[in-house]
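Residues in the sequence shown are numbered from 9 upward in steps of one, following our numbering.
Cβ coordinates follow ideal geometry from the N, Cα and C atoms, glycine included.
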Amino acid sequence: MYTPKHFQLSDHQEAISFMQKYSFATIVTILNGVPEATHLPFLIEQRGEELVLISHFAKANPQSAAVFNETSLVIFTEPHAYISPSNYEKEQNVPTWNYLSVHAYGKATLIEDKAEVAELLEKMIGFYEADYRNQWDNLPDDYKFKMMNGITAFEIVVTDLQAKKKLSQNRTKIERENIIASLRNSTDKNEQEIAAYMSSLKKEA
């Protein structure tokens, strides 16, 4: 990911927290020489020094087999906002976009043991909707086994983590304040979140 120095997100834990908050990500692999992408919910786990991404494909998805062949890229991104040049002090300026993104690279390994697959699904239920767990527990075993047979579960140990937060760090203080005020007053949730991230940068400084 192209990341100029002033946009680098170098805090490893901050990047992980971002991934956990915006955990519905895009996994990109190569299939027959062409990039292929699927949008999946992920669990992000820290196991000692390792960062592990866990998810599952529908078994019918061709990417569910291709994912084990080469390194995969998983892209975590969510809040973003158009930045109008009306926020800048000089007229000679152009629009841009503020956003945060994390790219995680690694090779997928298959989770084949049915007990481990069941544990993965229970972890996902706990993370995404804990209240559903009682309903899941009371579903017939044959139904749950059928569902599990229709997926390919996998995990990726991250070997390269690249993170970026492009939040107008290269602009003047007045311009940043103008952008924050403009986005904070927006009715768009994305823009409000970018304003909050920009404000948090001021506190770090």
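Query                                                                                                                                                       : Result
Starting from L129, follow the alpha helix (DSSP H) in both directions and report where the run begins and ends.                                            : 122-136
Give me the Cβ distance between F26 and F84, rounded to the nearest whole Å; I'm assuming they're in contact under 8 Å.                                     : 7 Å
Report yes if the C-beta distance between S72 and I52 is below 8 Å; otherwise report no.                                                                    : no
Taking the alpha-carbon of H47 as reference, which of Q170, V36, S176 has the nearest alpha-carbon?                                                         : V36
Starting from H20, follow the alpha helix (DSSP H) in both directions and report where the run begins and ends.                                             : 20-29
What's the gap between the Cα of F135 and the Cα of L81?                                                                                                    : 23 Å
Using only the alpha-carbon positions, how far apart do D121 and D145 sit?                                                                                  : 19 Å
In the DSSP assignment, what are the bridge partners of L118?                                                                                               : F162
Using CA coordinates, which residue listed in F162, K174, P70, T180 is at the minimum distance from I202?                                                   : K174
Count the other CB atoms within 10 Å of the CB of H111; is the residue buried (16 or more) or exposed (fewer)?                                              : buried
In the structure shown, what three-state DSSP assignment does N157 receive?                                                                                 : helix
Taking only three categories from DSSP, how would you classify A203?                                                                                        : helix
What residues in its chain sit with their C-beta under 7 Å from that of S207, if we drop five residues either side in the sequence?                         : I188
Only counting runs of 4 or more residues, tell me where the alpha helix (DSSP H) segments fall wholly within the segment 168-205, in order along the chain. : 181-192
Do the CB positions of A74 and L129 come within less than 8 Å of each other?                                                                                : no
Under a Cβ-count criterion, where at least 16 other Cβ atoms within 10 Å of its own Cβ denotes burial, should T180 be classed as buried or exposed?         : exposed
If I follow the unbroken alpha helix (DSSP H) through Q143, where does it start and stop?                                                                   : 141-145
If we count Cβ pairs, one from each stretch, closer than 8 Å, do we get three or more for the segment 88-98 versus the segment 52-62?                       : no
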